[in-house]
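Peer 1: Numbering (the UniProt record's numbering), first residue to last: 1 to 331.
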Ligand code: NAD
Ligand code: LMR
């Protein structure tokens, strides 16, 4: 029997990530090739005409899985009964800005949209915040939507995770699909810690630690980390616009793994509410290694954290605590 359509909200749908993301969702990249979807697209009134143009293109694409499109500037109409909410709407960072610089504009959006989701979305809505500062926007959304379970509110660090896989693949010559279990710890910002201490490469001779295959700790502890941390800025410098297709693709990866589960023996990185695991302070949305099954994520436990990693985990946690204070001062 055909599946019932899933309602997927994309905010900021007339923007550049939105434009890359909605066709991926309509093609089944996010929820699978047999899952019909109804797209709910929200943007602000100045972008209404452009949003309508995106709707026209979706209709023109004749996607078999797309069972309906709502394009609106009314946040409550957009949030009505949605099962998945991908929150992209907001102001992007420009060259020379830190993600914190977009804080005051974006956190107030997340406060008001939290109320709309709380009032109108399906009770078990799964929320992914993409707009920056992603972790702190997600935290604000959580705090102002108290009836949505904490576990249902997450932020995107899968892009950073995929960037780390890409760097290891480029360096070693192994396919990106043969590299697994990197970790992004902390904030989706330049303090994030891309950690390869538990990562492996699948070689013809079996799984080998990334450190053994790369055989260059100086690179792994230096340029590898800074390249991943600074990749967003490098894309902005090159395109004069922030990353869009990679952000959209990673958002699909995040939701797909959350809903459909992570492959056996593999974890991914997701920004989730800290429960104190790995001595990360509670009460911040922090990127952890997670596995997913039955629509729920769980933090991977028991990984050894060495002294170098400890300092980095703490530094990015400190930044998130500072951002949380700053966000409240903006509201
Ligand atoms: P963009 O400016 O092209 O699009 C943003 C869209 O949001 C615009 O159409 C704008 O009109 C809309 N918008 C603004 N306020 C809104 C509101 N209150 N409600 C609904 N829509 C609203 O930007 P973009 O390049 O698509 O990036 C979107 C966000 O995603 C930015 O904050 C960017 O920094 C962030 N981002 C995050 C990641 C990540 O990995 N977490 C990666 C890339 C970009
Ligand atoms: C990214 O990582 O590409 C995005 O967060 C955009 C940015 O501001 O860096």
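Using N, Cα and C, we set each Cβ at its ideal position, and we do this for glycine too.
1) What separation, rounded to the nearest whole angstrom, lies between the Cα atoms of residue 46 and residue 203?
2) Near residue 134, which residues of its chain fall below 7 Å by C-beta distance, leaving aside the five closest residues on each side in sequence?
3) Does any heavy atom of the ligand LMR sit closer than 7 Å to the C-beta of residue 194?
4) Can you tell me which of 304, 268, 281, 308 puts its alpha carbon nearest to the alpha carbon of residue 292?
5) Considering just the uninterrupted stretch of the alpha helix (DSSP H) at residue 61, what are its terminal residues?
6) Hey, residue 127 and residue 139: beta-carbon distance below 8 Å or not?
7) Taking the straight line between their C-alpha atoms, what separation do you get for residue 234 and residue 54?
8) With a cut-off of 8 Å, do at least 3 Cβ pairs link the region 57–66 to the region 96–109?
9) Which class does residue 224 belong to by DSSP, given the choice of helix, strand or coil?
10) I need the straight-line Cα distance from residue 36 to residue 328, nearest angstrom please.
11) To the nearest angstrom, how far is the alpha carbon of residue 343 from that of residue 107?
12) Who are residue 39's beta bridge partners in DSSP?
13) Could you tell me the distance, in whole angstroms, from the CA atom of residue 348 to the CA atom of residue 87?
14) Applying the criterion that 16 or more other CB atoms from any shown protein chain within 10 Å of the CB defines a buried residue, is residue 68 buried or exposed?
15) Along the chain, where does the alpha helix (DSSP H) containing residue 251 start, and where does it finish?
16) Tell me the start and end of each unbroken alpha helix (DSSP H) in the region 291–316 that is at least 4 residues and wholly inside, in chain order.
17) Please go through the same chain and pick out, in chain order, the residues whose beta-carbon is closer than 7 Å to the beta-carbon of residue 220, but skip the five residues on each side of it.
18) Compute every distance between the C-beta of residue 222 and the non-hydrogen atoms of the ligand NAD, then say whether any falls below 7 Å.
19) Thinking C-alpha only, which one of 132, 224, 123, 242 is nearest residue 320?
20) Quick check: what's the CA-CA separation for residue 7 versus residue 31?
21) On the criterion of 16 or more Cβ atoms from any shown chain inside 10 Å, does residue 159 qualify as buried, or is it exposed?
22) Which residues in the same chain have their Cβ closer than 6 Å to the Cβ of residue 109, if we skip the five residues on either side of it in sequence?
Peer 2: To lay it out plainly:
1) Residue numbering aside, residue 46 sits at position 46 when the chain shown is read from its first letter. Residue numbering aside, residue 203 sits at position 203 when the chain shown is read from its first letter. Near 52 Å, if we compare the C-alpha coordinates of residue 203 and residue 46.
2) Here residue 134 refers to the residue found at position 134 of the chain shown. Closer than 7 Å at the Cβ level, and outside the excluded window around residue 134, lie 155, 156, 188, 271.
3) Residue mapping note: residue 194 aligns to position 194 of the chain shown, counting from 1. Residue 194 Cβ: outside cutoff for every heavy atom of the ligand LMR.
4) Position 292 of the chain shown, counting from 1, holds the residue named residue 292. The residue with the shortest Cα to Cα distance from residue 292 is 268.
5) The residue given as residue 61 occupies position 61 in the chain shown. Element bounds for residue 61: 48–61.
6) For this step, residue 127 is matched to residue 127 along the chain shown. For this step, residue 139 is matched to residue 139 along the chain shown. At a Cβ-Cβ threshold of 8 Å, residue 127 and residue 139 do not count as neighbours.
7) Taking the first residue of the chain shown as 1, we reach residue 234 at position 234. Taking the first residue of the chain shown as 1, we reach residue 54 at position 54. Each residue's alpha carbon lies about 28 Å from the other.
8) Between the region 57–66 and the region 96–109 there are fewer than three inter-stretch CB-CB distances shorter than 8 Å, so the stretches are not counted as touching.
9) Reading the chain shown from its first residue, position 224 is the one you call residue 224. In the structure shown, the three-state DSSP call for residue 224 is helix.
10) Mapped onto the chain shown, residue 36 falls at position 36. Mapped onto the chain shown, residue 328 falls at position 328. Residue 36 and residue 328 have their C-alpha atoms roughly 39 Å apart.
11) Because the chain here runs from 1 to 331, residue 343 falls outside it and cannot be looked at.
12) Position 39 of the chain shown holds residue 39. Paired residues: 8, 69.
13) This structure cannot speak to residue 348, because the chain is shown only from 1 to 331.
14) Translated into positions along the chain shown, residue 68 becomes position 68. With fewer than 16 other Cβ atoms from the protein chains shown falling within 10 Å of its own Cβ, residue 68 counts as exposed.
15) The residue you call residue 251 lines up with position 251 of the chain shown. Where residue 251 is concerned, the enclosing alpha helix (DSSP H) stretches over 245–260.
16) Segments of the alpha helix (DSSP H) lying fully in the region 291–316: there are none.
17) Sequence index remark: in the chain shown, residue 220 carries index 220 (1-based). Excluding positions up to five away in sequence, the list reads 196, 211, 214.
18) Locating residue 222 in the chain shown gives position 222, counting from the first residue. Within 7 Å of the C-beta of residue 222 there is not a single heavy atom belonging to the ligand NAD.
19) On the chain shown, position 320 is the one that residue 320 refers to. In terms of Cα proximity to residue 320, the closest of 132, 224, 123, 242 is 132.
20) Along the chain shown, read from residue 1 onward, the residue named residue 7 stands at position 7. Along the chain shown, read from residue 1 onward, the residue named residue 31 stands at position 31. Cα to Cα, the separation comes out at about 11 Å.
21) Sequence index remark: in the chain shown, residue 159 carries index 159 (1-based). With 16 or more other CB atoms across the displayed protein chains lying within 10 angstroms of its CB, residue 159 is buried.
22) Within the chain shown, the letter at position 109 stands for residue 109. Within the same chain, residue 109 has close Cβ partners 90.
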